[in-house]
Amino acid sequence: MPLNKKLFIALSIFTIFSNQILFSQNQYGRGQERSGEGNRGTGGIGSISGFVVDKQTLQAVEYANLTIFRSKDSVMVGGAITNQKGSFTIEKVPFGNYYMVVSFIGYSSLKIPNIIVNPKDIDKKMGQIKFSPSSNTLNEVNVIGEKRMMEYTLDKKIVNVDKNLVSAGGSAVDVMQNIPAVTVDIDGNVSLRGSTNVNILIDGRPSSLSGMSRQAILEQIPASSIEAIEIITNPSAKYNPEGMSGIINIRLKKKTAQGLNGMVSTSIGTNNRYNSSINLNYSTEKINVFASWDGRWNQGKGYGDTYRIATLKDTSSYTTQHSEMKRIMDNNTVKAGFDWYINSKNTITLMGQYNVGGSERNQDLFSFTKDFNFIKENDYKQHNKEIENDNSNMFALNYKKTFTQRGRELTADFSYSTSKNSENTDMTLNNFLSNYQDVSMSSKPSLQKQYDDGNNWVGNASINYVHPFAKKMKLETGYQGIFRNVDDDFRLEKYDTTSLIYVNDIFSSNHFKYKENINAIYGTFSKEWESISMQLGLRLEEANTTAEQLTQKQTFTNNYFSIYPSVHISKKLARKNEIQFSYSRRVNRPDMHDLNPFKDYSNPLMIRYGNPYLKPEYINSFEVGHSKYWNKTSFYTSIYYRQINDVIKRIAFLDTNGISNMTNQNLTKGTSYGVDFILEQEVLKWWRINANFSYFRTMIEGNSIDGNISTDNYSWTSKLNSTMNFGKTLSIQISGNYRAPIITPQGKMHETYSADIAFKKDLFKEKFSVSFRVSDIFNTQKWNNDTHGTGFSASMSNKRQSQAAFLTISYKINGGLKAKPRKKVTENGNGNGTDEGDF
3 MPLNKKLFIA LSIFTIFSNQ ILFSQNQYGR GQERSGEGNR GTGGIGSISG FVVDKQTLQA
63 VEYANLTIFR SKDSVMVGGA ITNQKGSFTI EKVPFGNYYM VVSFIGYSSL KIPNIIVNPK
123 DIDKKMGQIK FSPSSNTLNE VNVIGEKRMM EYTLDKKIVN VDKNLVSAGG SAVDVMQNIP
183 AVTVDIDGNV SLRGSTNVNI LIDGRPSSLS GMSRQAILEQ IPASSIEAIE IITNPSAKYN
243 PEGMSGIINI RLKKKTAQGL NGMVSTSIGT NNRYNSSINL NYSTEKINVF ASWDGRWNQG
303 KGYGDTYRIA TLKDTSSYTT QHSEMKRIMD NNTVKAGFDW YINSKNTITL MGQYNVGGSE
363 RNQDLFSFTK DFNFIKENDY KQHNKEIEND NSNMFALNYK KTFTQRGREL TADFSYSTSK
423 NSENTDMTLN NFLSNYQDVS MSSKPSLQKQ YDDGNNWVGN ASINYVHPFA KKMKLETGYQ
483 GIFRNVDDDF RLEKYDTTSL IYVNDIFSSN HFKYKENINA IYGTFSKEWE SISMQLGLRL
543 EEANTTAEQL TQKQTFTNNY FSIYPSVHIS KKLARKNEIQ FSYSRRVNRP DMHDLNPFKD
603 YSNPLMIRYG NPYLKPEYIN SFEVGHSKYW NKTSFYTSIY YRQINDVIKR IAFLDTNGIS
663 NMTNQNLTKG TSYGVDFILE QEVLKWWRIN ANFSYFRTMI EGNSIDGNIS TDNYSWTSKL
723 NSTMNFGKTL SIQISGNYRA PIITPQGKMH ETYSADIAFK KDLFKEKFSV SFRVSDIFNT
783 QKWNNDTHGT GFSASMSNKR QSQAAFLTIS YKINGGLKAK PRKKVTENGN GNGTDEGDF
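Our numbering applies: residue 3 is where the sequence shown begins, and numbers increase by one.
Structural data, given as structure tokens:
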């Protein structure tokens with residue numbers, strides 16, 4: 003049966019099922035609701051509603067707490083929290099006489115007596131409640147309103163970036179390096195729990211920079227523009243299933259407080275590193291306008307060494323390579339948009355972003371090869387000068403509609419982003435003569451030019467509907483479409499010494515296109531009891547991929563239909579304990595770099611290329627978590643297990659010419675399991691530490707190009723963050739991280755470790771702040787790895803300019819950019835609701 007028919011049938015069944023549930027609710031749920039209203043007249047049940055506004059500005063107060071108590075004995079009966087418009091409704095209030103207490107951080111508590119609910123006034127209307135700001139509780143606000151560095155919900159961990167001083171003046175790369183269970187290597191590969199198969203989103207959306215490295219994407223995002231990082235290790239069926247280890251969502255700052263507010267900051271660092279940003283926001287009752295600019299100018303250096311022994315036909319050779327690199331980068335990003343509050347139930351958001359940047363990279367590669375008698379076989383120096391230009395833009399439109407029924411809402415999100423990048427490289431290769439005694443002489447240099455032009459776009463469309471049909475029970479359904487198009491045109495020209503011009507090398511040039519269309523429908527059912535919460539989900543997805551190698555006129559297609567179930571269950575226990583269980587099926591799809599069969603000869607002794615016949619790898623992921631809260635301590639533990647089919651792994655082997663080749667291949671199967679520990683401790687009132695430990699083990703089996711592979715390996719990571727607050731305006735933070743050696747299918751990655759320190763001082767009533775930080779204090783951050791295969795073994799070492807000092811100055815305009823206050827955490831460590839995020 004064609005895949006389109008399968009998806010159509012599945013969509014039809016899902017729609018009929020959803021409509022049947024909603025129809026049943028309309029037939030019974032609403033009837034019961036009407037019956038309940040009738041009972042309210044005789045059984046004594048009513049409601050209280052109204053609006054809370056600031057007494058001075060008459061602006062709505064969001065997230066205000068309202069609690070009602072019986073007048074005769076002060077027993078609490080119920081409560082509510084105001085929404086964005088300041089409105090609230092307290093339902094199922096027994097007939098009687100009550101008083102109400104209204105409270106919120108920064109406001110004086112307000113007590114309203116003699117509120118009567120009876121058969122003559124079932125739906126009590128309080129009208130407008132004016133709330134006075136407190137003039138003498140500023141110090142208290144600084145303590146009560148302080149966010150923790152880590153927060154936890156049913157399905158995610160939230161890292162508040164503004165609490166991470168050691169990333170000040172840096173980029174998202176620096177932020178990632180200080181997140182529990184997350185590591186970033188020298189090539190910008192982000193790993194979560196030891197796996198690089200993680201899906202990175204920005205404000206819940208895929209990035210258009212799919213043709214670029216993740217390091218390039220993360221380097222373009224200043225740390226100052228990030229509000230929080232969300233880690234979702236076992237996402238529900240609502241979310242895109244890509245990424246074996248889960249989702250990392252980078253949530254950017256955006257303020258909705260009324261009036262003009264914002265922040266201006268600038269940073270200067272050693273080794274010619276400069277950053278500046280301006281973020282502005284202006285909001286009224288009907289519209290919220292925001293705009294920002296971020297600029298980054300950085301310079302970096304690095305070096306690498308490789309030593310390889312190769313044996314071919316009983317003959318051994320020894321190769322030593324040394325590389326030195328210097329890179330200069332600049333990047334500018336402009337973003338603007340608005341929220342239009344059409345009325346209390348309809349909101350439209352429109353946003354646009356433009357990014358332009360570039361870099362210049364100069365690299366010298368020295369290579370020396372000897373035979374088994376240590377007689378020189380090959381000696382050369384290669385110089386590469388690469389000029390890269392990038393520009394991208396993104397447009398997003400969001401619509402949100404709420405209904406009279408509490409919790410019922412419809413959202414639609416559409417985004418379209420494009421990026422264009424060009425890399426022009428001049429290569430000069432000097433081959434020295436074979437005579438070992440005459441190494442000073444060299445042949446005429448070989449000249450080459452490389453041109454790599456990329457044009458990419460990503461479209462994302464999603465519609466989500468939430469319908470509660472009983473107390474603490476809801477059905478959520480939706481559609482998500484992700485459409486990617488990558489066009490990469492690579493050309494190599496060699497200098498002809500006869501004609502004195504550059505001639506295109508048709509055997510080394512390659513034009514590659516990759517298209518991926520993913521259509522999915524999903525549904526989740528949620529139910530809450532007194533101490534148990536449950537969520538069941540199912541996602542049906544069709545993926546169509548086409549890879550075209552235009553130069554060699556080859557086309558590769560892969561169309562597949564997949565089902566992704568998910569289960570989330572949580573149980574609240576006594577003494578502020580909670581245990582959680584989750585399961586989800588996930589997928590890791592090969593990207594264009596994995597599939598492109600074009601051979602990269604930039605390092606003549608290490609040829610890299612993709613495999614167009616790769617299949618997706620599927621993962622069954624199980625996780626059990628436990629959280630425990632004390633007055634000054636929180637402790638979180640999670641144990642996970644993954645069963646992986648058709649594992650995608652990078653394989654290295656030696657060809658018949660003694661040249662190392664590296665490509666990707668599907669292996670048979672793999673399993674992975676591990677445990678995470680996160681501790682947050684208030685040692686003293688002014689000293690707080692956050693420590694985490696992550697252990698993981700991976701076992702892989704399969705047949706590769708280089709023979710049978712069977713590995714059983716383990717590793718662990720540990721991070722410690724210590725924050726000391728001296729008074730109200732001075733903070734010091736020290737952080738350290740260690741990653742133990744990791745065993746790979748063909749070798750080992752050695753340990754890495756580093757430490758950072760930062761100071762922050764607030765001035766002039768916290769309008770100004772000055773931060774100073776030093777990254778990699780002891781200059782220990784480096785990457786070493788060993789690779790072994792049939793007929794060869796190699797050791798590689800890389801070091802970048804990781805040690806640097808940064809000075810950052812920031813100025814807040816009318817309080818600066820602050821996130822929306824989250825719901826207050828209750829005794830058991832849970833909020834009053836579940837944060838569903840922006841996905």
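No residue lacks a Cβ here, since even glycine has one placed at the ideal position from N, Cα and C.
May I ask you to list the residues that DSSP assigns as paired with S197?
Per DSSP, L194.
Buried or exposed for Q439, please, with buried defined as at least 16 other CB atoms from any protein chain shown within 10 angstroms of its CB.
A caution first: Q439 carries a pLDDT of 40, below 50, which makes its placement in the model unreliable, though a value can still be read off. With fewer than 16 other Cβ atoms within 10 Å, it is exposed.
Per DSSP, what kind of secondary structure is F163 in: helix, strand or coil?
With the sequence shown as reference, residue 163 is identified as Val, and Phe is not the correct amino acid for it. Here V163 sits in helix by DSSP.
Taking the straight line between their C-alpha atoms, what separation do you get for K127 and I117?
Rounded to the nearest angstrom, the gap between the Cα atoms of K127 and I117 is 10 Å.
With 16 other CB atoms within 10 Å as the buried threshold, where does V77 fall?
By the 10 Å Cβ count, V77 comes out exposed.
What whole-angstrom Cβ distance do L842 and A312 have, given they're in contact under 8 Å?
Nothing about residue 842 can be reported from this structure: the residues present for the chain run from 3 to 841 only.
Does DSSP put S238 in a helix, a strand or coil?
coil
For a test of the three-state rule: what should DSSP assign to D657, helix, strand or coil?
coil
Answer with buried or exposed for R408, where buried requires no fewer than 16 other C-beta atoms within 10 angstroms of its C-beta.
exposed
For L607, which of N85, T69, S134, S319 has the nearest alpha-carbon?
S319
Quick check on the DSSP output: the alpha helix (DSSP H) that includes H324 runs from which residue to which?
Careful: H324 lies outside any alpha helix (DSSP H), inside the beta strand (DSSP E) at 317–345.
To the nearest angstrom, how far is the alpha carbon of P121 from that of I50?
For P121 and I50, the distance between alpha carbons rounds to 13 Å.
For S696, is the classification buried or exposed, using 16 other Cβ atoms within 10 angstroms of its Cβ as the cut-off for buried?
buried
Between K630 and K578, what straight-line distance do the alpha-carbon atoms span, to the nearest angstrom?
6 Å
Thinking C-beta only, is T272 closer than 8 Å to A693?
no
My output table needs one value for S510: the three-state DSSP class, helix, strand or coil.
coil
Between E753, N201, E232, L220, which lies nearest to E244 when the distance is taken from Cα to Cα?
Closest in alpha carbon position to E244, among E753, N201, E232, L220, is N201.
Under 8 Å: do the region 545–556 and the region 566–575 share three or more Cβ pairs, one atom per stretch?
no
Spatial neighbours of N236 within its chain, please: CB distance less than 6 Å, with the 5 preceding and 5 following residues excluded, ordered by chain position.
S584, S586, S623, E625
Within its chain, find whatever has a CB closer than 7 Å to the CB of N141; leave out the 5 residues flanking it on each side and keep chain order.
Low confidence applies to N141: its pLDDT is 35, below 50, so where it sits in the model is not reliable enough to give any reading.
Assuming N242 contacts I465 (C-beta within less than 8 Å), just tell me the rounded distance between them.
Here N242 is actually not in contact with I465; their C-beta atoms are around 15 Å apart, not less than 8 Å.
What residue range is occupied by the uninterrupted alpha helix (DSSP H) comprising H790?
Taken as a continuous stretch (DSSP letters only), H790 belongs to no alpha helix (DSSP H), being part of the beta strand (DSSP E) at 785–791.
Which residue marks the beginning of the alpha helix (DSSP H) containing L616, and which one marks its end?
First-last for L616: undefined, no H or E at that position.
Do N787 and K730 count as a contact pair if the criterion is CB distance below 8 Å?
Their beta carbons are not under 8 Å apart, which means K730 does not touch N787 by this criterion.
Which residues share a DSSP beta bridge with A463?
F416, G483
Who are the near neighbours of Y643 in its chain, counting only those whose CB is closer than 6 Å to its CB and skipping five residues on each side?
F624, Y675
In chain order, what residues of the same chain lie with their CB nearer than 7 Å to the CB of S706, ignoring the 5 residues before and after it?
These residues qualify, in order along the chain: I653, Q667, L669.
Let me confirm a value: G306 is counted as buried when at least 16 other C-beta atoms fall within 10 Å, else exposed. Which label applies?
buried
Could you name the residues that DSSP lists as bridge partners for A742?
Paired residues: none, contrary to the question.
Which residue wins for smallest C-alpha separation from K496, given the options N283, D507, N487?
D507
Using only the alpha-carbon positions, how far apart do F471 and T406 sit?
13 Å
From the DSSP output, which residues share a beta bridge with E229?
Looking at the DSSP output, E229 shares a beta bridge with no other residue.
If you measure between the beta carbons of T198 and R741, is that distance less than 8 Å?
One thing to note: T198 has its Cβ no nearer than 8 Å to the Cβ of R741.
For M246 and R588, which I take to be in contact (beta-carbon distance under 8 Å), what is that distance rounded to the nearest angstrom?
About 6 Å separates the Cβ atoms of M246 and R588, confirming a contact at the 8 Å cut-off.
In its own chain, which residues sit with a C-beta less than 7 Å from the C-beta of V776, not counting the 5 before and 5 after it?
D758, I759, A807
Taking 8 Å as the limit between beta carbons, can you name the residues of its chain near I92, skipping five residues before and five after?
By the criterion of a C-beta distance shorter than 8 Å, I92 is surrounded in its chain by S49, I50, S51, L68, I70, G80, G81, A82, once the five residues flanking it on both sides are discounted.
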